[in-house]
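Quick note, the sequences are listed as chains G, R and L, same order.
Taking the numbering used here, the leading residue of the first sequence gets 57, the next gets one more, and so forth.
Taking the numbering used here, the leading residue of the second sequence gets 311, the next gets one more, and so forth.
Taking the numbering used here, the leading residue of the third sequence gets 138, the next gets one more, and so forth.
For every residue, glycine included, the Cβ atom is placed at its ideal position computed from N, Cα and C.
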Amino acid sequence: MKAHSFTYERPSNVLEASRLLAEASGEGRVLAGGQTLGPMLNMRLAMPKLIVDIGGIHELKTVEHFVDRIVVGACVNHAVFEDWIDPTPLGQLLSRAGGSIAYRAIRNRGTIGGSLCHADPNADWVTTMSLLEATLLTASTKARRQLPMSEFMLGTYSTALNPDELLVAIDIPKISSEARWGYYRICRKVGEFPEALGAVIFDQPRKVGRVIAGGMNGRPLSLPTVAEFVAATGKTPELPEVEKAIQESEPGFDSVDLRHHAVAVRRAILMALA
Amino acid sequence: MNKNISIIINGKSVEALVEPRTSLADFLRDKQRLTGTKLACEHGVCGACTVLINGAPGRACITFAATLDGAKIQTIEGFENDDVMEVVRNAFHTKHGLQCGFCTAGMLITARDIVTRFPNADEQTIRTELSGNLCRCTGYMGIVKAVQKVLEEMPAKERVRNPVIPKNPTQTFPFKTFQPKSSTQTNTSSKRMTAKRVSEKDVDGWIRLTDRFIVARNRDETWRLFSDFARMASCMPGASLTKADGDQLEGQVRIAFGPIRASFKGNATVQRDDKNYEGVIAGGGNDSSSGSRAKGQVTYQLLGGNSGENTIVNLTLEFQLQGALAQFSRVGLIQEFSARLISSFAKNLSDEIEGRRKENGDKTELRVSGLVWSVLAARLKALWLKISGIGSSNRSRS
Amino acid sequence: MCVAPTRAEAEDLVQRISLDVDELPAVIDAVKARNSDSALLHEEWGDNIFLPTSIDINFDEFAKKADVVVKREYKLARQCMMPMEGKGVLAYWDERDEQLVVYASTQVPHMIRTGLSLALGIDQSSIRVVAPDVGGGFGYKCVLQPEEVAVAWLAMKRRHPVRWVEDRREHLVSGANAREHHYVVTAYADKQGKLLALDAEITVDVGAYAVWPWVCFEGPQAGGNLPGAYIFSGYRCQTYSMATNKPPLVPYRGVSRPGVCFAIEMTVDAVARAVGREPAEVRLENLVPAASMPYTNITNKHYDSGDYPSSLRSAMEKINLDGVRARQKQGEKDGRLIGVGFAPYTEQTAHGTKVFAAWGIPLVPGFEQASVRLTPGGGLEIRVGVQSHGQGMETTLAQIANQILGIDVSKIRVVHGDTKFTPYSTGTYASRSIVMAGGAVSKTCVLLGERMKRIGAHLMQCKTEQVRLETDKMVGPNGQVSVREIADVWYLHPEQLPDDVDPGGLEATGGYKPKVDTGAFTFGTHAAVVAVDPELGTVEILDYVIIEDCGALVNPMVVEGQTYGGAAQGIGTALYEEMPYDHAGQPLASNLADYLIPGAAEVPPLRIFHTQTPSPFTEHGIKGVGEGGAIAPSGAIVSAINDALRPLGAEVNSIPATPRRVLSAIEAAKARSAQQ
Ligand SMILES: Cc1cc2nc3c(=O)[nH]c(=O)nc-3n(C[C@H](O)[C@H](O)[C@H](O)COP(=O)(O)OP(=O)(O)OC[C@H]3O[C@@H](n4cnc5c(N)ncnc54)[C@H](O)[C@@H]3O)c2cc1C
Ligand code: FES
Ligand code: FES
């Protein structure tokens, strides 16, 4: 379990990073916190020729607060969210999601951008950013793009990023101070990736009601009918209803997995309504 | 291409030339002779290698030494004059917090982190915070008791350096019902891939996926593509044919699954049934770099559509992986990936048959998002410029 | 072998090798491997059976008297032992000593030396095995490892040091495994649930090859240990040790007993349910009563001492059985189901010559020896051939010596883990070290004490019988001399020695074996209260009680440490740990995100209570304690799960009891009741 031999670069800005990646023509890989790429390199599952370490690009570590949004640099660590002193519902939700990831030692180094770019369906940020309908800001020497989360992640370990393109920041719309949210992870062990994730938000002033099932086999699944039901009634749907809603959009789960996803969603709703 | 780094280890500055692939743990153990840091998993789970990196616990196994130019590292050997660690160490001693001692360096560093962040913590919190450090000997009883002892005996003001802020996400206001507006970001528009997860009972090691599509060409015309293996192979993402000799094919399939790359070289045999418009391509190959092997088959069957001008194509992809790439429990992920693979294979085939493929241009080019860049607010633009290193801004950081 | 200056470079080489093999069908399921149409692993055998055994003791006679018959099938997953430090070996040829020096992460340095000598064809005197600090063993390191042979051979060939350290992936996918048992058990009982006879068929998946020297004894041991702490009169048991395409099975902490304890407890529960009685009461009535001790059970195990029913009774009290039953009637606000379970167990410890010889093992333990030396300056050096890798023997053996010789523990040094300095021993396994090495240290210290007293008596001008040993000194009727003075006289001033002094001096080697060497039986009861979430199938352990009796407690903290650690591993067996294989023989858990071992949050606070029933057969009445903690958890926890699931009519009989298995059991029960 020792990494293969690779070339290492540590650029000081994003365009430089993109240029290095472009030159590597598909054989380069960004290194952010290394908490996913590190294990994959050690196991030799990933063997890129070039590693472009973006840990030295300080601008990627900034958090900017605007009236209606927060823009978070791609290299902001999970622990920064965990320690976030922000009493608003959004602050609390981000803190919960960030603080749920793995263990403190991992959270100290892992980044939100790395998590999103890795696009593991079971990752906390993947579900949370889908829930919040974040927009992802990307850059390469050729173009800058902003991609809604739903178009950024294409499937398991797959994103819309081009090989020379970097995620630079995540633009998260603010939710109102009366918004209610729920976040429920089902995992076998503390710190494990959740096998199923339920994340919900009911933001009455902004008329946003959203229910997301995470930890699917691909992208997080939005369940608008369930969200509408809850928003309209203030009630928690019964488990079979949730199971049905999931199955309609994503058939093929066996009964145990289906149950776990439905329970995660339902308990997130219960949490939001509590 | 080795890299020069200068780092401070346990208060001493060290200049070293490191191979980029060398982990901090290997660097410490093999080059600095600091063998207190242990390796027990090398993938971030067990915590045996935990050290302080710029004051915060981090995994030395998945942090590369080359990335640490200018950093401060503290290993278990470097706490000689640390008043908190002294108390923690004594507590481990008196509470029997170690047996074989292999987890102990990481445990001590994590335990110290806990008592420097939590003024007080209940047993549940201590156990949760310790969960990133595995111990196979003690059953954690002595370790938990040791942390409790430190919390009880050392006043918070002498040890807490970076206090956690208690969170109270209570939602006091009543829930008001409303009609949510429809989402701008939905995932129902594009097809979702579905896959059956392998259950504990039924682990047969085979992944099977099917797809079906209709092309606006008659059966014979469609069958012609399925007789041209080079064209067919070009429709399979990542596949290329190096040799086609009658029924014998030789080639490779390249797979990119996130950062994982594999290239299976091998051969296949075709069995065709022209009368029934059916065929099976069965074969196998090796990916030498990951030491993995794959075997599998693609089955295709052409059925005449209603009008006679349409053809229904049934595709089945079955495969089995062996070796490093197969040795994971999260089969669902590989299935979802394969489902995307077969569906783009299906799409490419139908485009190829209907002659659409060339017009589409480079098929690997990604769709650019529906949102137009110009809608981005000016301030975001400024930020973006700053972040990407083009412009600069003096907005304060938070 | 790929050899390079660093492991990373060696892995580069490995990557350049590709294996071209013609695949044969894999044998993955040990039970199916018994079928005549199964693929064969070792074709020359004609079948896949390593070793079959069968026992029939008055089975028909008692089975036919039964009012109640219950039959169940149980399964334990394949497990990895997962000491935090994997295997490791470094070897070099010492030109000056003309000796092969092998540093190994092992529990059994002397055994490794014997094994290496056989494998490499060189004399044992030309080999030195050193095991300095070992990061946990648990049985994984009590065998001769193939890598030890390979690395040692290479070091001899190349005449330079060679090192290999196992990584976690190697441990998971290719290191030896444990536990994979399958049981079909039928119990025959009267209306009260009193067991009359038991019929069992046990299939053990021992993997592709046997390990040295523990050749295939887990199946027979399971057959012999299944009765556990219970009494019945008819027993029939068939065991099959089956070859499959998996790594070998090695004796992991508890060896077959976690499996048999689980199987027998589930069976007793099933009997209790069938007769409609409180399972704890049914257990009480079936346990070996204290009055029958010492007791020879149906499989000829000599239970030396103990009050098994009172151990269970105190577990019932400490876990508050009545309270749990009352709470169950009320139901839980959160909808979870509460259950309580018990698992009384016996732990045969320090079983010796007779037992191993009967198993036909190539290396049979005999007398254990210790060398004890009063060093110049008045310290004590104890040399033992067992290995201490977390068991705290540096402390406990020193305590025993201190008890005999009075020398302060801080002046006692325990030397172990080096064949160059220590007497031969088969090593540390089978909960034997404190009984065997402890006994040897005790006996030898008595020998040495006599010699010291003789010198002391001479110096104090009294009779040897009049001398008492106290802390670091000797006291006679007219004065005292310090231990240091005794040492000084022997080493520096022999002119002051008595004429009849023992010329053997202040260094003695003695040996020891218990009077009855079929093992000292540690026993106890584990009890668990769990909450099962019926929506998810998840299990939380709410309370866990251990009543433990290992005879005389040498050091309570060390005993508790051993027991807690074992219990945590048992919790892993019960709820988390599993190495699944697909039909092609691919191991499906190559990392610690797939292979789950309990962390601090998964292990509840464990509440331990000791009783002390000294063994009549061992020195100081000590019994071993290394494995007990790991034996009973599956029995207690799954018993509690099934107790919780009882209102739903569901039962889990396959471990680990994952959420998937629990949910599937609930669904199956629902489907059954819908059909009726
Ligand atoms: C033991 C353990 C447990 C974990 N548990 C959880 C969990 O419970 N929940 C969870 O969500 N996560 C979990 N993780 C994953 C963790 O959150 C990682 O930190 C995260 O997924 C990756 O972030 P990183 O910064 O470390 O990225 P890296 O590992 O550096 O990179 C990950 C991938 O993203 C690419 N990448 C990174 N940044 C960029 C960028 N800015 N632009 C383009 N590409 C980029 C890299 O090339 C790489 O392919 C766990 C990890 C470990 C080791
Ligand atoms: S060795 Fe680094 S976390 Fe296990
Ligand atoms: S003390 Fe051995 S692993 Fe913790």
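Count the other CB atoms, across all protein chains shown, that sit within 10 Å of the CB of residue i; report buried if there are 16 or more and exposed otherwise.
i: N98 (chain G); result: buried
i: R343 (chain R); result: exposed
i: I524 (chain R); result: exposed
i: V151 (chain L); result: exposed
i: A268 (chain L); result: buried
i: E715 (chain L); result: buried
i: A808 (chain L); result: exposed
i: S500 (chain R); result: Residue placement at S500 (chain R) is flagged as unreliable, the pLDDT there being 44, under the threshold of 50; a coordinate-derived value is accordingly withheld.
i: D220 (chain G); result: buried
i: N670 (chain R); result: Confidence is the limiting factor: at N670 (chain R) the pLDDT is only 44, short of 50, which leaves the residue's position unreliable, though a coordinate-based value still follows. With fewer than 16 Cβ atoms within 10 Å of its Cβ, N670 (chain R) is classed as exposed.
i: R233 (chain L); result: exposed
i: P142 (chain L); result: exposed
i: N218 (chain G); result: buried
i: W182 (chain L); result: exposed
i: H403 (chain R); result: exposed
Interface residues of chain G around residue i at Cβ under 8 Å?
i: G736 (chain L); result: K245, V246, G247
Does the distance between the C-beta of residue i and the nearest non-hydrogen atom of ligand 5 fall short of 7 Å?
i: A787 (chain L); result: Questions concerning ligand 5 fall outside what the structure shown contains, since the ligands it does hold are ligand 1, ligand 2 and ligand 3.
Let me check understanding here. Comparing Cα to Cα, which of the options lies closest to residue i?
i: F309 (chain G); options: G:E248, G:D220, G:M272, G:E207; result: G:M272
i: W181 (chain G); options: G:L203, G:V86, G:H134, G:T215; result: G:H134
i: R125 (chain G); options: G:N218, G:K230, G:I268; result: G:K230
i: V457 (chain R); options: R:G606, R:L643, R:L440; result: R:L440
i: P350 (chain L); options: L:V578, L:R250, L:L629; result: L:R250
i: V343 (chain L); options: L:L335, L:A337, L:V352, L:D336; result: L:V352
i: E481 (chain L); options: L:S451, L:R510, L:M218, L:L255; result: The sequence as given places Pro at residue 481 (chain L); Glu does not occur at that position. Ranking L:S451, L:R510, L:M218, L:L255 by Cα distance to P481 (chain L) puts L:S451 first.
i: R265 (chain L); options: L:Q699, L:P640, L:S579, L:Y561; result: L:Y561
i: L535 (chain R); options: R:I424, R:S660, R:T345, R:L643; result: R:S660
i: G503 (chain L); options: L:P671, L:P784, L:T655; result: L:T655
i: T197 (chain G); options: G:L210, G:L223, G:E189, G:A190; result: G:L223
Please list, in chain order, the chain G residues whose beta carbon lies closer than 7 Å to that of residue i.
i: L309 (chain L); result: Simply none; closest approach about 11 Å.
i: M423 (chain R); result: Sequence inspection shows Asp at residue 423 (chain R); the Met mentioned does not correspond to that position. R160, listed in chain order.
Roughly how far, in whole angstroms, is the beta-carbon of residue i from the beta-carbon of residue j, given that I think they are within contact range, below 8 Å?
i: V653 (chain L); j: H439 (chain L); result: 6 Å
i: A572 (chain R); j: S600 (chain R); result: 6 Å
Run through chain R and tell me which residues come within less than 8 Å of residue i, C-beta to C-beta.
i: T63 (chain G); result: M311, P330
Residues of chain R with CB closer than 7 Å to the CB of residue i, please, in chain order.
i: L743 (chain L); result: G449, M451
What in chain L is Cβ-close to residue i, meaning under 9 Å?
i: N596 (chain R); result: S155, L156, D157
i: S151 (chain G); result: The contacting residues do not exist; S151 (chain G) stays about 20 Å from chain L at best.
Please list, in chain order, the chain G residues whose beta carbon lies closer than 9 Å to that of residue i.
i: E679 (chain L); result: The question names Glu, but residue 679 (chain L) in the sequence shown is Leu. The premise fails here: L679 (chain L) is roughly 17 Å from chain G at the closest Cβ pair, so nothing lies under 9 Å.
Going along chain L, which residues have a C-beta under 8 Å from residue i?
i: S639 (chain R); result: P717, L725, A726, D731
In chain L, which residues lie less than 7 Å from residue i when you measure between Cβ atoms?
i: T438 (chain R); result: A738
i: H406 (chain R); result: M694, G698
i: I228 (chain G); result: None at all; the shortest Cβ gap to chain L is about 28 Å.
Quick one: which chain R residues come within Cβ less than 9 Å of residue i?
i: R305 (chain L); result: L349, A350, C351, E352, H353, V355, C356
So if I threshold CB-CB distances at 8 Å, which residues from the stretch 276-303 of chain G count as touching chain R? Near chain R, meaning a CB-to-CB distance below 8 Å, the residues of the stretch 276-303 of chain G are P276, L277, S278, P280, A283, E284, A287, A288, T289, G290.
Chain-ordered residues of the stretch 145-163 of chain L with a beta carbon less than 8 Å from chain G: Near chain G, meaning a CB-to-CB distance below 8 Å, the residues of the stretch 145-163 of chain L are A145, E148, D149, Q152.
Listed from N- to C-terminal order along the chain, which residues in the stretch 697-716 of chain L have their beta-carbon within a distance smaller than 8 Å of any beta-carbon of chain G? For chain G, the residues of the stretch 697-716 of chain L that bring a beta carbon within less than 8 Å of one of its beta carbons are Y713, in chain order.
Under 8 Å, CB to CB, which of the residues in the stretch 202-227 of chain L have a partner in chain R? Flagged, chain order: M219, P220, M221, E222, G223.
Of the residues that make up the stretch 95-116 of chain G, which ones have a beta carbon closer than 9 Å to any beta carbon in chain R? From the stretch 95-116 of chain G, only P95, M96, L97, N98, M99, R100, L101, A102, M103, P104, I107, D109, G111, G112, I113, H114, E115, L116 have a Cβ closer than 9 Å to chain R.
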